[in-house]
Structure formats: structure tokens, C-alpha cells
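Numbering (this note's numbering), first residue to last: 25 to 389.
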Amino acid sequence: VDLLVVWALRRKKGRGRPAVWDDQTRRQGASTSAPQALGNHAHSGDCPLLLAIDCDGTLLNESGKLTDRSAAALKQFASRGGTVVLATGTPARAMKPMAEAVGSSAYVICSSGAVIMSTRGWAPKIQNTIPTGVVVRIVRQLEHVVPPGTQLAVEASDHWYVQSAQFFVELDRAMPGAKLGTRISRLGKIVGEGKLAESFEASGESGAVHILAIHHTMSAEDLMHKLRSTVEDDVKAHRTNVEVKHAGAPRGVAIGSQSVHKAHALQQVCELLQVPPSRVVAFGDNMNDLEMLQWAGTGLAVANAIEPLKQVADRVLEFTNDQDAVAREVEAILDTHTEAEMLRSSLARLGRQVEALEAKLESST
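In C-alpha cells form, the structure reads like this:
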């Protein structure tokens, strides 16, 4: 809506590109002496246009709750023209209330990048799924090779197909505060041991977001090692575009499309919104955030993040998710950059969107 308004105003006034749309131009009144809240390779003096934020373990506290302080900081960022994009491993159906609570703008990245939801009408904008035939074939092979005590599941767009309710129990054990298993169990369809492949085949689903596995004691790395050869053999035999990767939950393993991760989805969102990577700040805590923090102009790890993520982050925050780490950083950004500066940057972004739309219209005529 805002894009169409700006475009209409330009057409009505018959003007060229306004000078304030050049977000590289020095602006009168912009703060230049305040300490930067950004990381190492963000452009000095440029305010962030987009925040990409993981939820469990990063934005949410150890009880899986969004604090009032976090919600207020993100809403204020959005009110100044900034874009808030939640980037989570949680399925889309469970994310709408969270998106509304933080004033999430335009898009939400769900299922670790496999689904990008539009907040307007809450409908999928982009979906990267594995065809049903591939899912069924791989699950049948995995059911014969997974170590005893492994729970398998298939995540589709609206439902989780699981062998037993124990899958959700293991998710809760892996993330005791967040209660991820409890939160998504209402989306579950329990099909019985050894019946996952045939049940999904008969479901009528057009594809799956992920195949997931979790073991009651085995680490994610060890479980990945056990499953990788089976998946790689399928890739070689059938040229399927899938791989074994970390899931969002500790001890969790996901099998999904090779191109699917949060960074790829974030890149797609930024292309839609005409936001350069240098103006993106990403927050995370776990392995499925790694590519996202590397891709963003500034990648920040909360203090409770795993060590591999801290090693690739531009900066490790002083506080944990239980201490409102994200809110504190966003407040620092808001203190560093004036409201006028942020609104001008937002207008510049809209200008780029207008030009992209005009170019698309001209190419189609």
C-alpha cells in the first residue's frame, strides 16, 4: 500500500527522484557523533533498514515468552519506518500471533527459510518444498537405518506427521523453557511407528517442508552422521536436491532442500523490499542462524548462543535472551539514529521499490 501511494504521488506531481531518496546523501540533523550500535562491516553512519530476528533462544526468553520490553522496542523500530522480519524454525501456522505482537513488517520467514509468509492476509509468498515422492522414498529408507530411540516426523505446510507423540516430548526436552513441542503438537497427526511414509503418501499433501529426526540422547552432529550416507545415496541415485542439516532445536536434524536456509530466504525478502545486505542486522543463537548472520551486514549473537555461532558473528551481545538482549540492542539503535534519519532511509527504500516496479512495468510493455 505505501509503495503504491509513493508511486501515485510521483506520477501526480510529475517529478523525478526526490533528493531525500538518496540515502547516501548526508542529511541535516542526522546523528554522527553517537556511538554506533552496529557490528564490524555495517556502513558507518547508516541506520539499519531491516532487523532479521530468530525467535526461540534469541528474541523469546527461556520460558518461550515475548517480553513487553522486546515488543515495545520492535514496534518503535517499525514505527520509524524500519522493517522487522522474524526468521524462525517454527511453522507458519504458529507464527501469526507473534508477528502481530512485534509489528512484523511485510514478511515472516518460517520453517528455517522453507516458507516466507506475507503478513498481508497471512498467505505464503514463497514456498520451497520437497516433492511428496521424494519425501516418501527417503522416509522409507530412514525408517530402516535410524538408531533406536529416534523419532521421525514430516513437516508439511499445515501439519506435522509424526510416528508418535514422543516426537513432541523430545522437542520439549531439547528446549525445556520454550516448550516448542507443546506449541506445535496441536498441528500434529500421529500415524504410528513404521507408518510415516505410507501415511504421508496417502495424505494428499503436495510436498513437505522438512523431514525431521530427533534422538532422546544423541547429539545433532552424531545423528547427522548416522543419516547423511542414506540421504547422500538418494541424492546420487535420483539427483534429488536435498541435504542433511541442523534443525532449529538442539539434538534436532532436518532434511530439506539444499537451497533452503534462513539466509536464502532473507536474501529473497531483501530483494523484494530493495534492502541491501549492508543495512540488515540479524540476531541468532543456534546453528540454523549461522548463514543468516554471515549474510547480513551485521550479524549479532546473543550471549547464550552456541560457540560456533559466536565465532562467525560480528559481535556477541553482552546479554542473553533471558535479559532482553535483542530489545537492548534495538533500543541502542533507536538512540543512535534520529527518527527523521530513519524515516528518510525508509523513504529511500520505497524509492528503490518504485524504480524496480517501474522497470518491471516498462520491460513488460
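Yeah, the Cβ is synthetic: ideal placement off N, Cα and C, and Gly gets one too.
In angstroms, rounded to a whole number, what distance separates the CA positions of PRO72 and PHE343? As a first step, residue 72 is located in the sequence shown; it is residue number 48 there, counting from the start. As a first step, residue 343 is located in the sequence shown; it is residue number 319 there, counting from the start. Cα to Cα, the separation comes out at about 21 Å.
Taking the alpha carbon of ILE150 as the reference point, which residue from TYR185, GLU194 and GLU295 has its own alpha carbon closest? Here residue 150 refers to the residue found at position 126 of the sequence shown. The option with the nearest alpha carbon to ILE150 is GLU295.
How many angstroms separate the CA atom of GLY280 from the CA atom of ALA138? Position 256 of the sequence shown, counting from 1, holds the residue named residue 280. Position 114 of the sequence shown, counting from 1, holds the residue named residue 138. Cα to Cα, the separation comes out at about 8 Å.
In three-state DSSP terms, what is GLU179? Position 155 of the sequence shown, counted from the first residue, corresponds to residue 179. Three-state DSSP puts GLU179 in a strand.
Under the three-state DSSP convention, the category HIS234 falls into: Within the sequence shown, the letter at position 210 stands for residue 234. If DSSP states are grouped into helix, strand and coil, HIS234 belongs with the strands.
What is the DSSP secondary structure of ARG376, counted as helix, strand or coil? Your numbering for residue 376 matches position 352 in the sequence shown. If DSSP states are grouped into helix, strand and coil, ARG376 belongs with the helices.
SER281 bridges to which residues according to DSSP? As a first step, residue 281 is located in the sequence shown; it is residue number 257 there, counting from the start. Under DSSP, SER281 forms a beta bridge with VAL266.
Helix, strand or coil for CYS134 per DSSP? Here residue 134 corresponds to residue number 110 of the sequence shown, with the count starting at 1. Of the three classes helix, strand and coil, the one that applies to CYS134 here is strand, per DSSP.
Rounded to a whole number of angstroms, what is the C-alpha to C-alpha distance between ALA116 and ASP78? Sequence index remark: in the sequence shown, residue 116 carries index 92 (1-based). Sequence index remark: in the sequence shown, residue 78 carries index 54 (1-based). Distance between the alpha carbons of ALA116 and ASP78: 14 Å.
Under DSSP, the beta strand (DSSP E) around SER142 begins and ends at which residues? Sequence index remark: in the sequence shown, residue 142 carries index 118 (1-based). Start and end: 139–142.
Short of 6 Å in beta carbon distance, which residues of its chain neighbour GLN190, apart from the five on each side in sequence? Order them along the chain. Within the sequence shown, residue 190 is the residue found at index 166, counting from 1. Counting only Cβ-Cβ distances below 6 Å, and skipping sequence neighbours, we find GLN175.
Close Cβ partners of HIS65 (< 8 Å) along its chain, the five nearest in sequence each way excluded: For the purposes of this step, residue 65 is taken as residue 41 along the sequence shown, with counting starting at 1. Its pLDDT being 41, under 50, HIS65 is placed unreliably by the model, and nothing is read from it.
Since LYS213 and TRP184 should fall inside the 8 Å C-beta cutoff, what is the C-beta to C-beta distance between them, to a whole number of angstroms? Position 189 of the sequence shown holds residue 213. Position 160 of the sequence shown holds residue 184. Right, the Cβ-Cβ distance comes to about 7 Å (below 8 Å), so this counts as a contact.
Just the C-alpha distance for LEU351 and ARG161, rounded to the nearest angstrom, thanks. Walking along the sequence shown from the start, residue 351 turns up at place 327. Walking along the sequence shown from the start, residue 161 turns up at place 137. The residue you asked about is not Leu; residue 351 is Ala in the sequence shown. Cα-Cα distance, rounded: 44 Å.
Would you mind reading off the limits of the beta strand (DSSP E) that contains THR82? Reading the sequence shown from its first residue, position 58 is the one you call residue 82. It is not in any beta strand (DSSP E) - THR82 carries neither H nor E in the DSSP assignment.
Quick check: the Cα distance between VAL336 and GLU245, rounded to an integer number of angstroms? On the sequence shown, residue 336 is found 312 positions in, with the first residue counted as 1. On the sequence shown, residue 245 is found 221 positions in, with the first residue counted as 1. Near 19 Å, if we compare the C-alpha coordinates of GLU245 and VAL336.
Whose C-beta lies closer than 8 Å to the C-beta of PRO332 among residues of the same chain, with five residues either side of it excluded? Locating residue 332 in the sequence shown gives position 308, where the first residue counts as 1. Counting only Cβ-Cβ distances below 8 Å, and skipping sequence neighbours, we find MET311 and LEU314.
Going along the chain, which residues of its own chain have a beta-carbon closer than 6 Å to the beta-carbon of MET199, five neighbours each way excluded? Against the sequence shown, residue 199 aligns to sequence position 175. These residues qualify, in order along the chain: ALA273.
Stretch pair the segment 239–256 + the segment 204–223: three plus CB contacts closer than 8 Å: no
When the Cα atoms are used, what is the spatial distance from VAL169 to ALA329? Locating residue 169 in the sequence shown gives position 145, counting from the first residue. Locating residue 329 in the sequence shown gives position 305, counting from the first residue. Their backbone Cα atoms lie some 32 Å apart in a straight line.
Secondary structure of GLY173, DSSP reduced to three states: In the sequence shown, residue 173 corresponds to position 149, counting from 1. It is coil, neither helix nor strand.
Going by the CB atoms, is the gap between SER135 and GLU179 shorter than 8 Å? Residue 179 sits at position 155 when you count from the first residue of the sequence shown. Residue 135 sits at position 111 when you count from the first residue of the sequence shown. Yes, Cβ-Cβ distance for GLU179 and SER135 is below 8 Å.
Identify the residues that DSSP records as bridge partners of GLN151: which are they? Here the question's residue 151 lines up with position 127 in the sequence shown. BP columns for GLN151 point to VAL139.
From the DSSP output, read off the bridge partner residues of ALA306. Taking the sequence shown and counting its residues from 1, one reaches residue 306 at position 282. Bridge partners of ALA306: ALA76 and GLY323.
Check whether the Cβ atoms of ASN85 and ASP346 sit closer than 8 Å, and answer yes or no. Taking the first residue of the sequence shown as 1, we reach residue 85 at position 61. Taking the first residue of the sequence shown as 1, we reach residue 346 at position 322. Contact: yes.
Whose CA, out of LEU247, VAL186 and SER253, lies closest to the CA of SER223? Sequence index remark: in the sequence shown, residue 223 carries index 199 (1-based). Of the candidates LEU247, VAL186 and SER253, the one whose C-alpha sits nearest the C-alpha of SER223 is VAL186.
Let me check understanding here. Comparing Cα to Cα, which of ALA147, LEU90 and GLU167 lies closest to SER181? Here residue 181 refers to the residue found at position 157 of the sequence shown. Among ALA147, LEU90 and GLU167, the Cα nearest to that of SER181 is on ALA147.
Assign ALA271 to buried or exposed, taking buried as 16 or more other Cβ atoms, counted over all protein chains shown, within 10 Å of its Cβ. In the sequence shown, the residue the question calls residue 271 occupies position 247. Buried: at least 16 other Cβ atoms inside 10 Å.
Would LEU74 and VAL126 qualify as a contact pair, given that the criterion is a beta-carbon distance under 8 Å? For this step, residue 74 is matched to residue 50 along the sequence shown. For this step, residue 126 is matched to residue 102 along the sequence shown. No, the pair does not count as a contact, with Cβ atoms beyond the cut-off.
Quick one: Cα of LEU247 to Cα of GLU353, how far? Sequence index remark: in the sequence shown, residue 247 carries index 223 (1-based). Sequence index remark: in the sequence shown, residue 353 carries index 329 (1-based). The alpha-carbon atoms of LEU247 and GLU353 are separated by roughly 35 Å.
Name, in chain order, the residues that DSSP records as bridge partners for TRP184. Sequence index remark: in the sequence shown, residue 184 carries index 160 (1-based). DSSP, once it has assigned bridges, lists GLU179 and GLY212 as partnering TRP184.
For the beta strand (DSSP E) containing THR107, list its first residue and its last residue. For this step, residue 107 is matched to residue 83 along the sequence shown. For THR107, the uninterrupted beta strand (DSSP E) run begins and ends at 107–110, by DSSP.
Just the Cα atoms here: how many angstroms apart are TRP45 and ARG376? As a working mapping, residue 45 is identified with position 21 in the sequence shown. As a working mapping, residue 376 is identified with position 352 in the sequence shown. Summary for TRP45: the model assigns pLDDT 35, below 50, so the residue's position carries little reliability; its value from the coordinates is reported in the next sentence. Distance between the alpha carbons of TRP45 and ARG376: 8 Å.
Which of the three DSSP states, helix, strand or coil, is assigned to ARG104? Your numbering for residue 104 matches position 80 in the sequence shown. In this structure, ARG104 counts as coil in the three-state DSSP scheme.
So is LYS89 buried or exposed if we call it buried at 16+ other beta carbons inside 10 Å? Counted from its first residue, the sequence shown places residue 89 at position 65. Label assigned to LYS89: exposed.
Can the beta-carbon of ALA327 be found less than 8 Å from the beta-carbon of ALA306? Within the sequence shown, residue 327 is the residue found at index 303, counting from 1. Within the sequence shown, residue 306 is the residue found at index 282, counting from 1. Against a cut-off of 8 Å, the Cβ pair of ALA306 and ALA327 comes out as no contact.
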